[in-house]
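S.K.: Pasting in a structure now, in structure tokens, and then I'll have a few things to ask.
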Amino acid sequence: MSHIGIPAIRSDAWSKVNGETVYTYDYKEAGMLYGVLLRSPHAAGKLLGCDLSKTRTMPGVRAAIAAADVPAVLAGWSMRDTPLFARDRVRYIGEPIAAVAADSLAEARAAVAAIGLEIEPHPPVLDLEAAILPGAPLVHPEWKDYVPAAGSDFLRNGNVAAECSADPGGIDAIFEAAALVVEDVFTTQRQYQAYLDPKSAVAIYRGGRYTIHTGHQFSFNVRDRVAQFLNIAPTDVRVIGHPIGGGFGGKLDYSVEPHAAALSKAAGGRPVKISNTRVEDLTTANCREGTIVKIRSALDADGNILARDVDAYMDNGAYTGEMSYMASFPFHCGAINYRVGKFRAMGRLAYTNTPPTGAMRGVSGPAMYAAPENHMDHITLELGADRREYRLKHLFGNGDTLPNGQVLDNAEILKQGFDAIEKIVPWQGTAKSRTPYKGRGLGAAIWLVNPLPGSLSMKLEEDGTVSVVTAATDNGSGALAAGIPQIIAETLGVRPEQVRISDPDTDTAAWDGGSQGGRTTQTVGLAAIQGVTEMRGKILETAAQMLQMEAGGLSIVDGQICVAGESKGRMTPAEVAVAATFGGAPIQGSGGASLPAVPFNPGCANGLLFPFFTSPTYHVHYAEVEVNPVSGNVDVTRYVVAQDVGRVINRACVMGQIQGAVAQSIGYALYESMRFAEDGKIIEDNLQFYRLPLAVDIPKVEYIAMENDNTEGPFGSKGSGEAPVLLPPAVIAAAVADAIGKPIRKIPVTPEDVLEALAGDE
Amino acid sequence: MATTESITATVNGRVETFDVSGLESLMDVLRDTLHLSGTKEGCREGECGACTVLLDGKPINSCAYIARAAAGREIETIEGLQDALSLRIKQAIVEASGIQCGYCTPGIVVMLSAFLRRIEAPDEALIREALSGNICRCTGYSQIVDAVLRVVHEGAPAA
Numbered sequence: 017m018s019h020i021g022i023p024a025i026r027s028d029a030w031s032k033v034n035g036e037t038v039y040t041y042d043y044k045e046a047g048m049l050y051g052v053l054l055r056s057p058h059a060a061g062k063l064l065g066c067d068l069s070k071t072r073t074m075p076g077v078r079a080a081i082a083a084a085d086v087p088a089v090l091a092g093w094s095m096r097d098t099p100l101f102a103r104d105r106v107r108y109i110g111e112p113i114a115a116v117a118a119d120s121l122a123e124a125r126a127a128v129a130a131i132g133l134e135i136e137p138h139p140p141v142l143d144l145e146a147a148i149l150p151g152a153p154l155v156h157p158e159w160k161d162y163v164p165a166a167g168s169d170f171l172r173n174g175n176v177a178a179e180c181s182a183d184p185g186g187i188d189a190i191f192e193a194a195a196l197v198v199e200d201v202f203t204t205q206r207q208y209q210a211y212l213d214p215k216s217a218v219a220i221y222r223g224g225r226y227t228i229h230t231g232h233q234f235s236f237n238v239r240d241r242v243a244q245f246l247n248i249a250p251t252d253v254r255v256i257g258h259p260i261g262g263g264f265g266g267k268l269d270y271s272v273e274p275h276a277a278a279l280s281k282a283a284g285g286r287p288v289k290i291s292n293t294r295v296e297d298l299t300t301a302n303c304r305e306g307t308i309v310k311i312r313s314a315l316d317a318d319g320n321i322l323a324r325d326v327d328a329y330m331d332n333g334a335y336t337g338e339m340s341y342m343a344s345f346p347f348h349c350g351a352i353n354y355r356v357g358k359f360r361a362m363g364r365l366a367y368t369n370t371p372p373t374g375a376m377r378g379v380s381g382p383a384m385y386a387a388p389e390n391h392m393d394h395i396t397l398e399l400g401a402d403r404r405e406y407r408l409k410h411l412f413g414n415g416d417t418l419p420n421g422q423v424l425d426n427a428e429i430l431k432q433g434f435d436a437i438e439k440i441v442p443w444q445g446t447a448k449s450r451t452p453y454k455g456r457g458l459g460a461a462i463w464l465v466n467p468l469p470g471s472l473s474m475k476l477e478e479d480g481t482v483s484v485v486t487a488a489t490d491n492g493s494g495a496l497a498a499g500i501p502q503i504i505a506e507t508l509g510v511r512p513e514q515v516r517i518s519d520p521d522t523d524t525a526a527w528d529g530g531s532q533g534g535r536t537t538q539t540v541g542l543a544a545i546q547g548v549t550e551m552r553g554k555i556l557e558t559a560a561q562m563l564q565m566e567a568g569g570l571s572i573v574d575g576q577i578c579v580a581g582e583s584k585g586r587m588t589p590a591e592v593a594v595a596a597t598f599g600g601a602p603i604q605g606s607g608g609a610s611l612p613a614v615p616f617n618p619g620c621a622n623g624l625l626f627p628f629f630t631s632p633t634y635h636v637h638y639a640e641v642e643v644n645p646v647s648g649n650v651d652v653t654r655y656v657v658a659q660d661v662g663r664v665i666n667r668a669c670v671m672g673q674i675q676g677a678v679a680q681s682i683g684y685a686l687y688e689s690m691r692f693a694e695d696g697k698i699i700e701d702n703l704q705f706y707r708l709p710l711a712v713d714i715p716k717v718e719y720i721a722m723e724n725d726n727t728e729g730p731f732g733s734k735g736s737g738e739a740p741v742l743l744p745p746a747v748i749a750a751a752v753a754d755a756i757g758k759p760i761r762k763i764p765v766t767p768e769d770v771l772e773a774l775a776g777d778e
Numbered sequence: 043m044a045t046t047e048s049i050t051a052t053v054n055g056r057v058e059t060f061d062v063s064g065l066e067s068l069m070d071v072l073r074d075t076l077h078l079s080g081t082k083e084g085c086r087e088g089e090c091g092a093c094t095v096l097l098d099g100k101p102i103n104s105c106a107y108i109a110r111a112a113a114g115r116e117i118e119t120i121e122g123l124q125d126a127l128s129l130r131i132k133q134a135i136v137e138a139s140g141i142q143c144g145y146c147t148p149g150i151v152v153m154l155s156a157f158l159r160r161i162e163a164p165d166e167a168l169i170r171e172a173l174s175g176n177i178c179r180c181t182g183y184s185q186i187v188d189a190v191l192r193v194v195h196e197g198a199p200a201a
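Each protein sequence line maps, in turn, to chains A and B. According to the numbering used here, the first sequence is numbered sequentially starting from 17. According to the numbering used here, the second sequence is numbered sequentially starting from 43.
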């Protein structure tokens with residue numbers, strides 16, 4: 017029986033539903049101390065003093081440290097611009113300045129409150145456009161001294177932390193001669209990942225090295241970051257992963273791990289646990305960045321787009337993390353899906369005195385699709401064209417290219433998506449002929465699967481269990497709890513329940529790129545097939561010796577070693593494992609894989625740190641909304657997704673990813689407001705005000721799986737967990753605009769925005 | 043320092059006597075003193091529902107409930123919910139794939155147990171309303187709603 021494409025039950029389901037799963041927030045070590053961080057109350061300023069002398073004598077305190085107590089180095093994923101504790105200046109509200117470890121949490125908090133902190137506050141840099149104007153105060157006056165974490169330096173200048181631009185020349189002339197120019201400015205706010213399990217870590221300094229317990233999406237990345245901050249070799253850090261209570265990109269970089277490690281050393285090696293409170297977590301999270309996207313198109317008299325010009329500002333926050341890569345996305349997404357002629361792009365990542373931004377599921381994609389898709393609607397309005405027809409007329413097909421020159425061999429899947437949606441919900445022109453305050457939005461996206469390598473090793477136990485060691489992580493998607501066991505079971509001829517995957521440990525597992533970009537099932541699945549192939553060869557060789565026949569005539573079917581032509585199996589893999597383990601050599605296999613690089617034009621842009629889309633995937637989304645003109649509330653009444661998923665490995669998990677991603681992105685489109693006050697403080701700073709989608713808010717998503725074989729994935733599969741987050745802001749903003757007959761140029765579209773738009777004269 | 047007092051309450055059917063201090067929350071006592079870590083800490087603000095337990099059969103956010111007020115009362119946590127209805131709910135959530143990261147799951151099971159004890163045949167709208175005190179960031183709720191509908195359609199098992 018095939019284990020592929022079925023809704024196999026995930027291996028961790030019963031432990032989770034019974035409340036037995038131990039997350040890092042629940043994790044304890046004997047003799048453990050509680051660590052608390054002193055965080056900056058000011059968004060910008062000079063750090064004049066941080067006196068720990070009183071703190072160190074307080075009851076229960078075992079260690080108190082600040083910048084002077086740790087190596088004077090800077091660290092960072094892409095750019096080394098971040099101190100472990102603020103040194104001579106503070107750059108955002110919530111920046112760590114000092115840390116205390118004490119016998120109890122209450123004692124640690126009291127001791128932190130007693131730290132003699134002196135800061136001379138400065139006006140914070142908050143506005144993205146103002147930040148990059150000449151003469152703006154610099155968030156990092158010493159920016160020229162910074163060095164990248166690896167490789168050569170990239171385009172940056174003052175408050176511009178990274179820049180990616182492309183200009184083929186002649187754009188201005190096309191705009192001047194155009195029959196019609198359409199312009200929009202679209203803004204998006206930050207989005208908090210809002211995993212339910214706040215960030216937490218337990219660190220132990222013992223035997224000259226550090227062990228870190230943390231529920232992390234990317235074990236080797238946090239290992240390397242701790243090593244950078246503490247100025248030690250990466251292998252002096254061991255990261256032991258625990259179940260992740262949600263991540264969505266928020267747990268790809270370090271958070272409290274290096275601070276806990278430094279505290280443990282200062283406390284003589286006692287284990288130290290630091291757990292963010294929800295407010296700490298929300299206000300210092302590496303949120304999806306806020307953006308301003310200025311987009312213009314030049315059209316001829318027939319309504320064809322002759323040129324497109326995109327100028328995007330992205331909020332880096334105070335430190336860069338991995339954001340430098342995201343500056344490439346205005347370029348990638350500004351001229352995608354549809355043919356838009358000559359294309360000029362500028363993406364600038366601005367340092368501000370706000371918490372560092374980072375990856376959230378789909379990274380910059382939701383903003384970078386919301387702007388051009390709503391701009392497309394604006395163009396059709398100017399032309400009096402139908403939104404769907406216009407899109408189809410200019411839609412990419414096979415052989416069309418991305419702005420980087422990458423040729424798309426299977427872009428016709430986009431058309432499949434539009435057709436599939438049309439079948440279940442026929443498009444109905446403009447809003448004029450329909451019910452007032454009901455609107456529709458339609459949009460498309462092309463995305464990638466993160467190409468980083470993955471690996472695993474496995475052994476066949478004497479009871480027939482396949483035990484797998486990998487640094488890959490399951491952030492809840494089911495990639496390791498269901499997908500990889502199904503792939504291994506199918507390839508080996510056993511059942512998924514016989515596959516057991518251990519939690520990651522950087523001491524024992526080979527490198528893996530972490531749960532990001534929809535990569536785990538696809539890439540680790542490829543590695544798993546290699547591992548199984550090696551192991552199956554050994555199983556059949558051993559069985560052949562036992563049966564005194566040729567291995568070539570043997571196979572493994574439904575958990576039995578079978579001889580060709582016989583209907584009954586001769587023995588089980590378990591029996592072979594016993595013979596091999598005690599009479600030959602234990603049966604093991606391993607594998608490693610990554611997604612192939614894609615040919616592209618290296619001269620297409622300057623500063624293109626994220627060069628191409630590996631294993632491209634195709635998406636079309638449709639939304640219906642109902643707007644309450646009195647309250648301004650928007651209700652998403654119907655949501656349809658047509659998604660290219662390659663071949664489905666686990667139907668229930670794919671559906672869960674799509675439903676969950678759409679829900680998160682409906683939150684981003686409508687409710688999840690995160691604004692900054694003038695002093696740099698986040699206004700919606702707890703879960704009462706940062707409004708997450710609830711069960712009453714989210715419709716059941718109608719999902720059309722467009723199954724097309726993918727030669728780059730196990731059993732034809734493609735990464736599917738990330739991309740469904742890309743389009744809801746685009747199509748919901750468009751649907752609201754359609755419903756009220758007024759333009760919407762921002763997300764979230766809060767009730768206040770709706771009422772303001774209704775009152776506006778445009 | 044906060045004053046400590048000893049209180050007695052029934053926890054998962056067993057009479058327990060334990061120390062509570064000052065305004066210590068019921069969630070902290072359950073997790074740290076009684077080692078029942080299936081009750082999850084998500085926000086400590088009474089917003090997310092991950093810490094839901096039953097107090098005399100009614101769901102409460104244990105993070106926002108002062109432990110000493112539980113003296114003499116009956117507390118049920120995820121670890122104690124082993125009755126036929128609760129097991130049926132768990133089974134349905136597992137089968138309907140209503141679990142991803144799982145952090146909200148115990149709180150949701152606890153809440154649903156109280157809900158379905160009280161209302162035998164709720165419709166989808168009522169189920170969604172009942173779930174709206176529990177935030178799930180992973181699933182988008184549909185597969186959890188499906189699980190509840192599955193329990194409802196199959197009829198509650200005999201207690």
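Glycine included, every Cβ here is placed at the ideal spot set by N, Cα and C.
Would you decide whether D297 of chain A is buried or exposed? Buried here means 16 or more other CB atoms lie within 10 Å of its CB.
M.R.: For the purposes of this step, residue 297 of chain A is identified with residue 281 of the first sequence, where counting begins at 1. Classification of D297 of chain A: buried, given that the 10 Å Cβ count is 16 or more.
S.K.: So, for K62 of chain A: in the same chain, excluding its five sequence neighbours on each side, which residues have a beta-carbon less than 6 Å away from its beta-carbon?
M.R.: By 1-based counting over the first sequence, the position of residue 62 of chain A is 46. Correct list, in chain order: R105 and E136.
S.K.: Starting from K160 of chain A, trace the beta strand (DSSP E) in both directions and tell me its first and last residue.
M.R.: The residue given as residue 160 of chain A occupies position 144 in the first sequence. Segment: none, K160 of chain A is in no beta strand (DSSP E) and carries neither H nor E.
S.K.: Alpha helix (DSSP H) containing R407 of chain A: first to last residue?
M.R.: The residue labelled residue 407 of chain A in the question sits at position 391 within the first sequence. Residues R403 to H410.
S.K.: In this structure, how does DSSP classify K554 of chain A when only helix, strand and coil are distinguished?
M.R.: If you number the first sequence from 1, residue 554 of chain A lands on position 538. It is helical.
S.K.: Does the CB of V712 of chain A have a neighbour CB from chain B at under 7 Å?
M.R.: Your numbering for residue 712 of chain A matches position 696 in the first sequence. V712 of chain A counts as touching chain B.
S.K.: Quick one: is L268 of chain A buried, meaning 16 or more other Cβ sit within 10 Å of its Cβ, or exposed?
M.R.: As a working mapping, residue 268 of chain A is identified with position 252 in the first sequence. Per the 10 Å Cβ criterion, buried.
S.K.: Which stretch, first to last residue, makes up the beta strand (DSSP E) that contains T204 of chain A?
M.R.: Here residue 204 of chain A corresponds to residue number 188 of the first sequence, with the count starting at 1. Here the beta strand (DSSP E) through T204 of chain A covers L196 to T204.
S.K.: Which parts of the region 86-139 of chain A are runs of the alpha helix (DSSP H), unbroken and 4 residues or longer, counting only runs that do not cross its ends?
M.R.: As far as the region 86-139 of chain A is concerned, its whole alpha helix (DSSP H) runs of at least 4 residues are 121-129.
S.K.: For a test of the three-state rule: what should DSSP assign to N332 of chain A, helix, strand or coil?
M.R.: If you number the first sequence from 1, residue 332 of chain A lands on position 316. Three-state DSSP puts N332 of chain A in a strand.
S.K.: Kindly say whether V33 of chain A, judged by its beta-carbon, lies nearer than 7 Å to any beta-carbon of chain B.
M.R.: Counting from one through the first sequence, the residue named residue 33 of chain A turns up at place 17. Judged by the 7 Å Cβ criterion, V33 of chain A is in contact with chain B.
S.K.: Around the Cβ of A647 of chain A, are there at least 16 other Cβ atoms within 10 angstroms (buried) or fewer (exposed)?
M.R.: For the purposes of this step, residue 647 of chain A is taken as residue 631 along the first sequence, with counting starting at 1. Rather than Ala, the amino acid found at residue 647 of chain A in this sequence is Ser. S647 of chain A should be labelled exposed.
S.K.: Hey, how far is the Cα of V77 of chain A from the Cα of D325 of chain A?
M.R.: On the first sequence, position 61 is the one that residue 77 of chain A refers to. On the first sequence, position 309 is the one that residue 325 of chain A refers to. If I take the Cα positions, the gap works out to 58 Å.
S.K.: Is Y33 of chain B close to chain A? Criterion is C-beta to C-beta, closer than 7 Å.
M.R.: Since the first residue shown for chain B is 43 and the last is 201, residue 33 of chain B is missing from the structure and cannot be characterised.
S.K.: Apply the 10 Å Cβ neighbour rule to L556 of chain A and answer buried if 16 or more other Cβ atoms are within range, or exposed otherwise.
M.R.: As a first step, residue 556 of chain A is located in the first sequence; it is residue number 540 there, counting from the start. Buried is the call here.
S.K.: Determine, using beta carbons only, whether A189 of chain B comes closer than 7 Å to chain A.
M.R.: Sequence index remark: in the second sequence, residue 189 of chain B carries index 147 (1-based). Not an interface residue.
S.K.: Would you grab the beta carbon distance between Q10 of chain A and A375 of chain A for me? Rounded to a whole angstrom, and I think it's under 8 Å.
M.R.: An answer regarding residue 10 of chain A cannot be provided, because it is not within the stretch 17 to 778 covered by chain A.
S.K.: Sorted by chain position, which residues of the same chain lie with C-beta nearer than 8 Å to R207 of chain B's C-beta, five sequence neighbours on each side aside?
M.R.: Summary: the structure shown does not reach residue 207 of chain B, with chain B confined to residues 43 through 201, and so no result is reported for it.
S.K.: 7 Å is my cut-off, CB to CB: does T181 of chain B come that close to chain A?
M.R.: Locating residue 181 of chain B in the second sequence gives position 139, where the first residue counts as 1. Taking Cβ atoms only, chain A reaches closer than 7 Å to T181 of chain B, which makes this a yes.
S.K.: Let's test the definition: count the other Cβ atoms within 10 Å of the Cβ of V57 of chain B and tell me whether it reaches 16, buried, or not, exposed.
M.R.: Along the second sequence, one-based indexing puts residue 57 of chain B at 15. Per the 10 Å Cβ criterion, exposed.
S.K.: What separation, rounded to the nearest whole angstrom, lies between the Cα atoms of V656 of chain A and A217 of chain A?
M.R.: Reading the first sequence from its first residue, position 640 is the one you call residue 656 of chain A. Reading the first sequence from its first residue, position 201 is the one you call residue 217 of chain A. Going by the C-alpha atoms only, they are around 39 Å apart.
S.K.: Whose C-alpha, out of A:I321, A:T368, A:V141 and A:L322, is nearest the C-alpha of M339 of chain A?
M.R.: As a working mapping, residue 339 of chain A is identified with position 323 in the first sequence. When each option's Cα is compared against that of M339 of chain A, the closest is A:T368.
S.K.: Could you please give the first and the last residue of the uninterrupted beta strand (DSSP E) stretch that includes F359 of chain A?
M.R.: The count along the first sequence starts at 1 and reaches residue 359 of chain A at position 343. Unbroken beta strand (DSSP E) run through F359 of chain A: K358 to Y367.
S.K.: Looking at A59 of chain A: is its Cβ nearer than 7 Å to the Cβ of Y108 of chain A?
M.R.: Locating residue 59 of chain A in the first sequence gives position 43, counting from the first residue. Locating residue 108 of chain A in the first sequence gives position 92, counting from the first residue. Going by C-beta atoms, A59 of chain A is nearer than 7 Å to Y108 of chain A.
S.K.: Is there contact here, the region 27-39 of chain A with the region 192-206 of chain A, by at least three beta-carbon pairs under 8 Å?
M.R.: No, because fewer than three Cβ pairs between the region 27-39 of chain A and the region 192-206 of chain A fall closer than 8 Å, the two stretches do not touch.
S.K.: Using 7 Å as the threshold, is the C-beta distance between G662 of chain A and K734 of chain A below it?
M.R.: If you number the first sequence from 1, residue 662 of chain A lands on position 646. If you number the first sequence from 1, residue 734 of chain A lands on position 718. It is a contact, given that the beta carbons lie within the stated cut-off.
S.K.: Run through chain A and tell me which residues come within less than 7 Å of R160 of chain B, C-beta to C-beta.
M.R.: Taking the second sequence and counting its residues from 1, one reaches residue 160 of chain B at position 118. None at all; the shortest Cβ gap to chain A is about 18 Å.
S.K.: In angstroms, rounded to a whole number, what distance separates the CA positions of C105 of chain B and E273 of chain A?
M.R.: Translated into positions along the second sequence, residue 105 of chain B becomes position 63. Translated into positions along the first sequence, residue 273 of chain A becomes position 257. Distance between the alpha carbons of C105 of chain B and E273 of chain A is about 25 Å.
S.K.: In chain order, which continuous runs of the beta strand (DSSP E) of length 3 or greater are located wholly inside the region 97-181 of chain B?
M.R.: The qualifying runs are 100-103 and 116-118.
S.K.: What does R56 of chain B touch in chain A if you count any residue whose Cβ is under 9 Å from its own?
M.R.: Against the second sequence, residue 56 of chain B aligns to sequence position 14. Within 9 Å Cβ-Cβ: nothing; R56 of chain B doesn't reach chain A, min ~17 Å.
S.K.: Across which residues does DSSP place T75 of chain B in a beta bridge pair?
M.R.: For the purposes of this step, residue 75 of chain B is identified with residue 33 of the second sequence, where counting begins at 1. Looking at the DSSP assignment, T75 of chain B forms no beta bridge with any residue, so it has no partner.
S.K.: Could you check which residue in B:G197, B:R86 and B:A126 has the C-alpha nearest to that of Y107 of chain B?
M.R.: For the purposes of this step, residue 107 of chain B is identified with residue 65 of the second sequence, where counting begins at 1. Of the candidates B:G197, B:R86 and B:A126, the one whose C-alpha sits nearest the C-alpha of Y107 of chain B is B:R86.
S.K.: Which residues in the same chain have their Cβ closer than 8 Å to the Cβ of L142 of chain A, if we skip the five residues on either side of it in sequence?
M.R.: Stepping through the first sequence from its first residue, residue 142 of chain A is reached at position 126. These residues qualify, in order along the chain: A59, T368, N369, T370, F692, E694 and G696.
S.K.: Kindly indicate which residue of A:A46, A:M330 and A:L322 has the alpha-carbon position closest to the one of A351 of chain A.
M.R.: Translated into the one-based positions of the first sequence, residue 351 of chain A becomes position 335. Of the listed residues, the one whose Cα sits closest to A351 of chain A is A:L322.
S.K.: Once you ignore the five residues that flank A498 of chain A on each side, which residues in its own chain have a CB closer than 6 Å to its CB?
M.R.: As a first step, residue 498 of chain A must be located in the first sequence, where it is residue number 482. So the qualifying residues of the chain are A24, R26, N666 and C669.
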